[in-house]
Amino acid sequence: MTKKIVALVDGSIYSHSVCENAGWIAARTGASVELLHVLGRREGADSADLSGSIALGARSALLEELTKLDEQRAKLQQQRGRAILDDAKAVLQQAGASDVTARLRIADILETVAEAEAEADMLVIGKRGEAADFAKLHLGSNIERIIRASHKPVFVAARGFREPRRLLIAFDGGPSSMKAAAYCAENPLFAGLECHLLMAGENTPERRRKLEDATALFASAGREMKAFLASTAPETAIAEHVEAQGIDLLAMGAYGHSRIRSLIIGSTTTEMIRSCKVPVVLFR
41 MTKKIVALVD
51 GSIYSHSVCE
61 NAGWIAARTG
71 ASVELLHVLG
81 RREGADSADL
91 SGSIALGARS
101 ALLEELTKLD
111 EQRAKLQQQR
121 GRAILDDAKA
131 VLQQAGASDV
141 TARLRIADIL
151 ETVAEAEAEA
161 DMLVIGKRGE
171 AADFAKLHLG
181 SNIERIIRAS
191 HKPVFVAARG
201 FREPRRLLIA
211 FDGGPSSMKA
221 AAYCAENPLF
231 AGLECHLLMA
241 GENTPERRRK
251 LEDATALFAS
261 AGREMKAFLA
271 STAPETAIAE
281 HVEAQGIDLL
291 AMGAYGHSRI
301 RSLIIGSTTT
311 EMIRSCKVPV
321 VLFR
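Okay, so the sequence shown: first residue is 41 according to the working numbering, each after it adds one.
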């Protein structure tokens with residue numbers, strides 16, 4: 041049962057979609073929503089030590105003026121952050137969320153998210169942050185770090201919001217994908233959605249058995265689910281199924297291998313977040 045959602049907003053083009061998706065989740069589950077905008081310590085600090093960047097012989101008046109400018113910049117960043125939160129709260133309420141709080145933090149983003157998610161059931165973030173390189177489809181270091189560090193389901197919003205009607209669970213039989221299947225079978229968030237479960241790879245007795253185990257989860261919860269087994273690579277099978285079946289929401293396990301191994305052989309998780317045009321719910 042989803043009781044509390046933490047939605048991260050940064051003023052990027054994805055923030056509106058984050059709020060609409062969080063509002064959709066809240067309306068279906070009755071969950072409260074905490075809006076969170078995080079300023080890095082350098083952005084939100086009241087002042088900074090600029091002496092290291094001032095050449096020898098500079099007048100103290102110049103140093104004082106630069107310090108004042110830095111203070112003004114920090115205050116403007118905080119005012120902007122509060123404005124972003126005010127706008128986000130209005131979008132959320134319009135989307136159906138009734139219990140909404142907002143918080144501005146000046147801290148490390150990973151520390152803040154870890155603290156916030158301890159009391160939450162789900163995180164909602166945008167696929168790319170404010171500084172993302174859209175030409176290169178770059179996810180942004182903070183987003184990947186948050187997903188890797190989080191112990192709660194992470195809902196990654198796409199650029200535009202469309203109310204989900206069809207859900208696809210990317211299933212490999214591992215612990216995280218089984219967790220995703222169980223969550224989707226039991227949580228009221230997904231009640232009434234047309235649910236597909238897709239397993240990619242060789243058609244073996246072991247894979248069929250795991251597919252049957254996942255199917256049993258839905259049957260025990262009194263929900264219907266269509267199971268599919270594809271022979272192509274996971275990235276290809278998922279992308280083709282999303283397109284062919286009109287999937288609105290993808291659920292999958294996140295980062296099954298270490299960061300070092302992902303650097304060597306790539307990561308299905310990162311590739312799907314980057315290339316998929318629908319929201320993705322990730323489970324660790």
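Each residue gets a CB set at the ideal place from its N, CA and C atoms; glycine is no exception.
The structure presented is a predicted model; accordingly, all values stated were derived computationally and were not measured.
For T42, the three-state secondary structure derived from DSSP is coil.
Our two residues, A154 and A62, have alpha carbons roughly 19 Å apart in a direct line.
In the DSSP assignment, V282 falls outside any beta strand (DSSP E) and within the unbroken alpha helix (DSSP H) covering P274 to Q285. In the three-state reduction of the DSSP assignment, M265 falls in the coil class, being assigned neither a helical nor a strand state.
Beyond the five residues adjoining it in sequence on each side, N243 comes within less than 8 Å, by CB distance, of L269 and S271 in the same chain, given in chain order. By the beta-carbon neighbour count (other beta carbons within 10 angstroms, threshold 16), P228 is exposed. When rounded, the separation of the alpha-carbon atoms in A277 and R122 is 43 Å. Where V58 is concerned, the enclosing alpha helix (DSSP H) starts and stops at S55 to T69. Contact between the stretch 103–117 and the stretch 147–166 is absent, with fewer than three C-beta pairs closer than 8 Å. In this structure, the straight-line span from the alpha carbon of A189 to that of A130 is close to 29 Å. A straight line joining the alpha-carbon of A71 with that of T107 spans about 44 Å.
For M292, DSSP records a beta bridge to A210 and L322.
In the structure shown, the three-state DSSP call for G121 is helix. Between the alpha carbons of V194 and R314 lies a distance of about 15 Å.
A direct Cα-Cα distance of roughly 35 Å separates A160 from D110.
DSSP places L109 in the helix class (H, G or I) of the three-state scheme.
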